[in-house]
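To keep things clear, I will list the structure first and then write my remarks on it.
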Amino acid sequence: MADLVSLNKVLIPRAALICQDIELDQSARACLAADPAPVDFLKSLIEQKLYPDAVRFLARALPKREAVWWACLSARSCMQEKPEPKLVQAVEAAEAWVYKPTETNRRQAFNAAEAASFENPAAWAGMGAFWSEGSMAPENVPAVPPADNLTAKAVAGAVMLAAVQSQPEKANDKYLFFLEQGVDIANGGNGRLWQQAG
Numbered sequence: 106m107a108d109l110v111s112l113n114k115v116l117i118p119r120a121a122l123i124c125q126d127i128e129l130d131q132s133a134r135a136c137l138a139a140d141p142a143p144v145d146f147l148k149s150l151i152e153q154k155l156y157p158d159a160v161r162f163l164a165r166a167l168p169k170r171e172a173v174w175w176a177c178l179s180a181r182s183c184m185q186e187k188p189e190p191k192l193v194q195a196v197e198a199a200e201a202w203v204y205k206p207t208e209t210n211r212r213q214a215f216n217a218a219e220a221a222s223f224e225n226p227a228a229w230a231g232m233g234a235f236w237s238e239g240s241m242a243p244e245n246v247p248a249v250p251p252a253d254n255l256t257a258k259a260v261a262g263a264v265m266l267a268a269v270q271s272q273p274e275k276a277n278d279k280y281l282f283f284l285e286q287g288v289d290i291a292n293g294g295n296g297r298l299w300q301q302a303g
């Protein structure tokens, strides 16, 4: 993470503004005292090995499509050699929304996430897409817009689950890898780094 010098796609200038509606550890909150820029706050969290807080922060700081893409990458990285079809479908539905964020794709991401049963990163990637905009209610009833931070919660859930789901003893290495992917995405990359997350 030595090359963490900017987060070009993060348009909010101060970390504290991004952190208003996310839950952070007390140590992470202390890093906000100097009113840092987002990149400096993220650096502090990583230096202090506050990886879950770093994930929560970056998931909230990224634009929603980029955040959901990050969730998709982390979900794919922890799939077994022959993953269950419902997990593949959940990730593919979330990816379809990233490529083309239509209402139809958003609803399909929800259906696929629901079928994948919410105990895995793939389902949370789908929920990140579903909660990005529109209504959480069925199509034929009055709209219930999602809270603005729900996509970030789903994305953080996907990334954190991917870090601990298998080989939890390697969680810190996986967190660092996922954060590198997220930073790459935040700077306009596709996040597809070569190293395997394990």
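Take the position in the sequence shown, starting the count at 1, then add 105; the result is the number in my numbering.
Glycine included, each C-beta is placed from N, C-alpha and C at the ideal position.
Within 10 angstroms of the Cβ of Ser179, are there 16 or more other Cβ atoms? Answer buried if so, exposed if not.
Flag for Ser179 reads buried.
For Trp236, which of helix, strand or coil comes out of DSSP?
For Trp236, the secondary structure class from DSSP, reduced to helix, strand or coil, is coil.
Would you say the segment 209 to 217 touches the segment 191 to 201, given that touching needs at least three Cβ pairs under 8 angstroms?
-> yes
| When burial is assigned at 16 or more other CB atoms within 10 Å of the CB, is Met265 buried or exposed? | buried
- Task: Keeping to the same chain, check which residues put their C-beta closer than 7 angstroms to that of Leu255; ignore five residues upstream and five downstream.
- Result: Trp236
Original post:
What is the rounded straight-line gap between the Cα of Pro206 and the Cα of Ser132?
Top reply: 36 angstroms
### Query
Is Asn225 buried or exposed, if buried means 16 or more other CB atoms sit within 10 Å of its CB?
buried
### Query
Helix, strand or coil: how does DSSP classify Lys148 here?
helix
Q) So what does DSSP say about Leu163, is it helix, strand or coil? A) helix
Could I get the ranges of all uninterrupted alpha helix (DSSP H) runs contained in the segment 242 to 288, with 4 residues as the minimum, in chain order? 255 to 269
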